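Student: Protein chains in written order, with the numbering used here: chain A, -9 to 194; chain B, 72 to 299; chain C, 366 to 593.
For glycine and all other residues, C-beta sits at the position ideal for the given N, C-alpha and C.
Quick caveat: nothing in here was measured; it's all calculated off a predicted structure.
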Amino acid sequence: MSSQLTIENLTLFRGDKCLFKNTSFTITQGDLLLITGPNGSGKTTMLRSIAGLVEPETGIISWNHKSISVDRQTYHENISWISHKHGFKGGLSIIENLEFEAHLYNYSFNRIDDALERLSLSLNKNIPFKCLSAGQKRRASLARLILNKNVLWLLDEPTSNLDAHAQDIFKEILNEHIINKGLCVLATHHPEAFEDSTSIIELS
Amino acid sequence: MPKKLSLIAGFMAMFRRDLLQYIKSPSQLLNPLIFFIMITAAFPFAVNAEKAQLVQIGPGIIWVMAILSYLLTLHHLYLDDAEDGCLDYIILSPQPLPLLVLAKICAHWISSGLPLIIISPIIGIIYQMQVDTILIMIATLFFGTFALSLVGSIGASLTISINNSNILVSLLVLPIMMPVLIFGARTIELYQSGATTMSGLYFIGAYCMFALSFSPFASAAALRIGAD
Amino acid sequence: MIPWLFISGLLLMVYGIINGLFYAPSDYQQGDAFRIIYVHVPAAYISMMAYSLMAFAAFIALIWRIKIAHAVIVSAAPLGAWFTFLALLTGSLWGRPMWGTWWEWGDPRLTSELLMLFLYLGYMALRASIPNITKADKLSAILILIGAINIPIIHYSVEWWTSLHQGSTLLKSGGPSIAAPMLYPLLASIIGLSLFFGSLLLIRTKAEVLKREKHSRWIKDMILGDEV
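#1: So Leu480 (chain C) contacts chain B; which residues on that side make the cut at Cβ distance below 7 Å?
#2: Given this structure, state the Cα-to-Cα distance separating Ile516 (chain C) from Phe285 (chain B), to the nearest angstrom.
#3: Classify Val244 (chain B) as helix, strand or coil using the three-state DSSP reduction.
#4: Using a Cβ cut-off of 8 Å, pull out every chain C residue sitting near Asp152 (chain B), in sequence order please.
#5: Is Trp369 (chain C) near the ligand PLP, with its Cβ less than 8 Å from a heavy atom?
#6: Closest to Ile205 (chain B) by CA distance: which of B:Ile188, B:Gly226, B:Leu104 is it?
#7: Give the residues from the stretch 42 to 67 of chain A that approach chain B closer than 7 Å (Cβ to any Cβ), ordered along the chain.
#8: Pick helix, strand or coil for Pro97 (chain B), following the three-state DSSP scheme.
#9: Counting Cβ pairs, one atom from each stretch, are 3 or more of them under 8 Å apart for the stretch 114 to 129 of chain B and the stretch 144 to 163 of chain B?
#10: In its own chain, which residues sit with a C-beta less than 7 Å from the C-beta of Pro186 (chain B), not counting the 5 before and 5 after it?
#11: Give every residue of the same chain whose Cβ lies closer than 7 Å to the Cβ of Ile40 (chain A), excluding the five residues on either side of it in the sequence, and list them in chain order.
#12: Which residues bound the alpha helix (DSSP H) around Asp146 (chain A)?
#13: Alpha carbon to alpha carbon, how far is Ile72 (chain A) from Asp21 (chain A)?
#14: Of the choices A:Gly125, A:Gln(-6), A:Lys120, whose alpha-carbon is the least far from that of Gln19 (chain A)?
#15: Which same chain residues end up closer than 6 Å to Phe254 (chain B) when comparing Cβ atoms and leaving out the 5 residues on each side of it in sequence?
#16: Do the stretch 556 to 563 of chain C and the stretch 370 to 382 of chain C make contact, defined as three or more Cβ pairs closer than 8 Å?
#17: What residue range does the alpha helix (DSSP H) around Trp429 (chain C) cover?
#18: Quick one: Cα of Gly184 (chain B) to Cα of Phe217 (chain B), how far?
#19: Going by DSSP, which residues form a beta bridge with Pro118 (chain A)?
#20: Determine the direct distance from the alpha carbon of Ala572 (chain C) to that of Met109 (chain B), and round the result to whole angstroms.
#21: So for Lys56 (chain A), helix, strand or coil by DSSP?
#22: Step through the CB atoms of chain B and report whether any lies within less than 9 Å of the CB of Ile159 (chain A).
#23: Give the residues from the stretch 141 to 175 of chain B that approach chain A closer than 9 Å (Cβ to any Cβ), ordered along the chain.
#24: Let me know if Met463 (chain C) comes out buried or exposed under the rule of 16 or more other beta-carbons within 10 Å of its beta-carbon.
#25: Please compile the residues from chain B whose C-beta is within a distance smaller than 9 Å of the C-beta of Trp71 (chain A).
#26: With Lys75 (chain A) as the anchor, note down where its alpha helix (DSSP H) starts and where it stops.
#27: Any C-beta of chain B within less than 9 Å: which residues of the stretch 94 to 105 of chain A qualify?
#28: Starting from the Cα of Leu427 (chain C), find the closest Cα among C:Lys500, C:Thr466, C:Arg492, C:Val406 and give me that residue.
#29: Go ahead and pull the three-state DSSP assignment for Ser31 (chain A).
#30: Tell me which residue opens and which closes the alpha helix (DSSP H) that Ala156 (chain A) is part of.
#31: Taking Cβ to Cβ, would you say Leu142 (chain B) is nearer than 9 Å to Ser241 (chain B)?
#32: Between A:Leu82, A:Ile69, A:Gly80, which has its C-alpha nearest Tyr160 (chain B)'s C-alpha?
#33: When you compare only the Cα positions, how much space is there between Ile132 (chain B) and Gly81 (chain A)?
#34: State the DSSP-derived secondary structure class of Leu106 (chain A), mapped to helix, strand or coil.
#35: So Leu94 (chain A) and Ala84 (chain B) are supposed to be a Cβ contact under 8 Å. How far apart are they, rounded?
#36: What are the residues in the stretch 93 to 113 of chain B lying within 7 Å of chain A by C-beta distance?
So this is what it looks like as structure tokens:
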């Protein structure tokens, strides 16, 4: 069965300000959707509402034709979420952080070493997370994408703080995911960096 | 072939991570404890420190101050996770959120409640308690702090989106905790005055179970709404 | 409908209070001091009714996601808090001639009324500190429900605690039977004050709904329709 994410009539206010109104789209396997717009235009909020973290004013988000408010768990089993916050504990090392998530997200932690190798983090894996540089932190966060094999990626500014080399690695991983019939919604203010996107939503 | 999602593994992972987290930043744990010792030791300076009087006010002071210093630890429970983004990953995991919340509550109790119970005999001695009274006090604190962790979790989860939530958590939690305070302090006092009834202790135990039945669900619901 | 409710409430209240204060026979034990019940009892009754109403509305709002229920809770809370305060104030005034003190910890109703006030204040404090309205709505509704399931426990623990104090409260539960000339004004003032509360609640809810829906089309239509 092919996977499909459908958004219908999504409207969201922040205070009195309307961020977006009646946004609808559908993406299926192999699609890369970009959400762009200047800072403060609601990219993050839209992504969070797609993930189900923020409840929209109106609108229905369905995964495989089922509203996520009905079947939240199946939806969660299928998404990989990367926010602009890293979501790692500063006092713990990358390995400790990822092993914790391995239990929560149910992936095997034999693969953690390979993933860190690919993101060239092997040397830093036992250092407390807070001692890493901003780029290393971002790379560690991206390790999640390699580790759990979920089909829908929701990424918020995944390339911020990355150097050119790391950006290439990320694009390579993203391309593999799209070719392997994955879905991806990506919020960025550099849409030109992702030429092969299938559709773009522009927020103002 | 993906392996089956293990709830126990999820619970244990959350529990272990939080404990590790507490162990690695001991000042978060120690400061409230030191506060507890200092403030209970300050009372005999402020009031007439005759033995009979200390015995009389001891249970009340120990319980009020235990609650007060415990409340200081509560707002960290979810706020840290909300600030560094971990909360998103916890909410979005396929594990049931109330279960993970319960794991966090247990870790909090082990790291904040148990040390408090362990040092409480020292305070008991300051307040001229007999050994058997101290045992009763430990028993009431044992259940009482767990109930505090459970109810406090609700207060902490309701306030994650608020800066400076420390006092607000106390405002929300204190009226609800009043029964535990009443029964906790009264049980010790009754025992001191020679009554053998343990009904207060049973009550706190029952209240614990009651709080266990709603706290994880209420906290999970509040976290989902507050994660924004 | 609001003016009718308001006027009938006011009439009943005036009838109840005037009769209570001037025509009802004075109590053989308490003299004229008892006349404060014509304010105290309705206020205490409404303070509890308001919280039950809020809990009911919170339940509806969380389960069926009915927006207007949130507006009802927001509007009812300050009213409920004021009536609670009024009940405390009159209770304390009454206590002065009866018990010889402004505040008697031994009376369970007075002390649980105080905790009730704390619950109201906690609710309003939580609301006031969350800027996002929808979030504040849901989080505070959870708090209301948690408070509501704890109210019976709080009440009985306070009662148990005071029963240890002394048994000499004038207010026995059940109460002494009350003579008809005293009873009717009391009933009238209870119903009158309730209607008064109801009409204030409706006015406030209406204002709250208008404030919340200021962007929606039906309000524009309504206002423009009036002008045409």
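Tutor: Checking against the coordinates, here is how it stands:
#1: Pro246, Met249
#2: 15 Å
#3: Val244 (chain B) sits in a helix when the DSSP states are folded into three classes.
#4: Close to Asp152 (chain B), with beta-carbon spacing below 8 Å, lies no residue of chain C; the smallest spacing is near 17 Å.
#5: In the structure shown, the ligand PLP is absent, as is every other ligand, since no ligand is present at all.
#6: B:Ile188
#7: Leu43, Val44, Gln63, His66, Glu67
#8: helix
#9: no
#10: Leu100, Leu104
#11: Result list for Ile40 (chain A): Ile(-3), Ile51, Leu144, Val175, in chain order.
#12: Unbroken run through Asp146 (chain A) is the beta strand (DSSP E), 142 to 146; no alpha helix (DSSP H).
#13: 18 Å
#14: A:Gln(-6)
#15: The answer, listed in chain order, is Gly271, Phe274, Ile275.
#16: yes
#17: Note, Trp429 (chain C): alpha helix (DSSP H), 402 to 429.
#18: 7 Å
#19: A:Ser83
#20: 51 Å
#21: strand
#22: no
#23: Asp151, Asp152, Glu154, Asp155, Gly156, Cys157, Leu158, Asp159, Tyr160, Ile161, Ile162, Leu163, Ser164, Pro165, Gln166, Pro167, Leu171
#24: buried
#25: Under the 9 Å cutoff, chain B gives Asp159, Tyr160, Leu163.
#26: Per DSSP, Lys75 (chain A) belongs to no alpha helix (DSSP H) and is neither H nor E.
#27: Leu94, Tyr95, Asn96, Tyr97, Ser98
#28: C:Lys500
#29: coil
#30: The continuous alpha helix (DSSP H) containing Ala156 (chain A) extends over residues 154 to 169.
#31: Contact annotation: Leu142 (chain B) and Ser241 (chain B) have beta-carbon atoms nearer than 9 Å.
#32: Check the Cα spacing between Tyr160 (chain B) and each of A:Leu82, A:Ile69, A:Gly80: the tightest is with A:Ile69.
#33: Their backbone Cα atoms lie some 36 Å apart in a straight line.
#34: helix
#35: 6 Å
#36: Lys95, Ser96
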